[in-house]
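S.K.:
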Amino acid sequence: PRLAALATRPSPSTGLSVQTSDDGVTWSNAVYIPQDASNTFHPKLDLALNSQGQASLTSTVNDLGSDTCGEPKLSRSTDLTQWSTCSPDSNRAGNISTSVTGAPKVLVSGNGKLYVAFRNKNPGGAGSVAPGIVVWHEP
Numbered sequence: 001p002r003l004a005a006l007a008t009r010p011s012p013s014t015g016l017s018v019q020t021s022d023d024g025v026t027w028s029n030a031v032y033i034p035q036d037a038s039n040t041f042h043p044k045l046d047l048a049l050n051s052q053g054q055a056s057l058t059s060t061v062n063d064l065g066s067d068t069c070g071e072p073k074l075s076r077s078t079d080l081t082q083w084s085t086c087s088p089d090s091n092r093a094g095n096i097s098t099s100v101t102g103a104p105k106v107l108v109s110g111n112g113k114l115y116v117a118f119r120n121k122n123p124g125g126a127g128s129v130a131p132g133i134v135v136w137h138e139p
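Okay, here's the thing in structure tokens:
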């Protein structure tokens, strides 16, 4: 089993992951999942693993004023010990604004491709993603 959780102490909120290979008898030390600049993860996390054990985690953020990649956040790891965090599509990141009620979901399809679905609340503008349900997938 694998687990992703949000630790609210110490402040600010921090994403953590742990894993076990013996049905939960012992667990690894918690591993820090990096945030995007000074923003922190929002409590609604979603975790998916592919058939090779590579992990993907999605979340919105508590906006603390600094954001490099936009939303929603997609954290990825090939080994559950080293993580990277950004947006699934950094080309459109500035035009997407998710909400707490529109927490993103992540899944791996039968062909191994990653999908992220979320609600975009941004009213739009030139080159923006239209408001509503957005589904991003790996090419």
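With my numbering, the residue at position 94 of the sequence shown is 94, and numbering never jumps. Backbone N, C-alpha and C fix where the C-beta goes; we use that ideal spot for every residue, glycine too. The model shown is predicted, which means the values in this text are computed figures rather than measured ones.
For the candidate residues Ala-103, Gly-132, Lys-121 and Leu-80, whose alpha-carbon lies nearest to that of Val-18?
M.R.: Out of Ala-103, Gly-132, Lys-121 and Leu-80, Leu-80 has the C-alpha closest to the C-alpha of Val-18.
S.K.: For Val-25 and Pro-34, what's the separation of their Cα atoms in angstroms?
M.R.: Approximately 27 Å, taken between the alpha carbons.
S.K.: Less than 8 Å between the C-beta atoms of Ser-77 and Gln-54, yes or no?
M.R.: Cβ distance < 8 Å, so Ser-77 and Gln-54 count as in contact.
S.K.: Just the C-alpha distance for Pro-88 and Asp-36, rounded to the nearest angstrom, thanks.
M.R.: So the two alpha carbons sit approximately 13 Å from each other.
S.K.: Helix, strand or coil for Cys-69? Go by DSSP, reduced to three states.
M.R.: Residue state, collapsed to three classes: coil.
S.K.: Comparing C-alpha positions only, which one of Ala-130, Leu-114 and Phe-118 sits nearest to Glu-138?
M.R.: Answer by Cα proximity: Leu-114.
S.K.: CA-CA distance, Arg-2 and Thr-20?
M.R.: The alpha-carbon atoms of Arg-2 and Thr-20 are separated by roughly 7 Å.
S.K.: Please report the distance separating the alpha-carbon of Thr-110 from that of Thr-68.
M.R.: One detail in the question is off: residue 110 reads as Gly in this sequence, not Thr. Roughly 31 Å separates the two Cα atoms.
S.K.: Could you spell out where the beta strand (DSSP E) holding Lys-105 opens and where it closes?
M.R.: 105 to 108 is the span of the beta strand (DSSP E), which, as asked, contains Lys-105.
S.K.: Just to confirm before moving on: does the CB-CB distance between Leu-47 and Ala-4 stay below 8 Å?
M.R.: Result yes, Cβ atoms of Leu-47 and Ala-4 sit closer than 8 Å.
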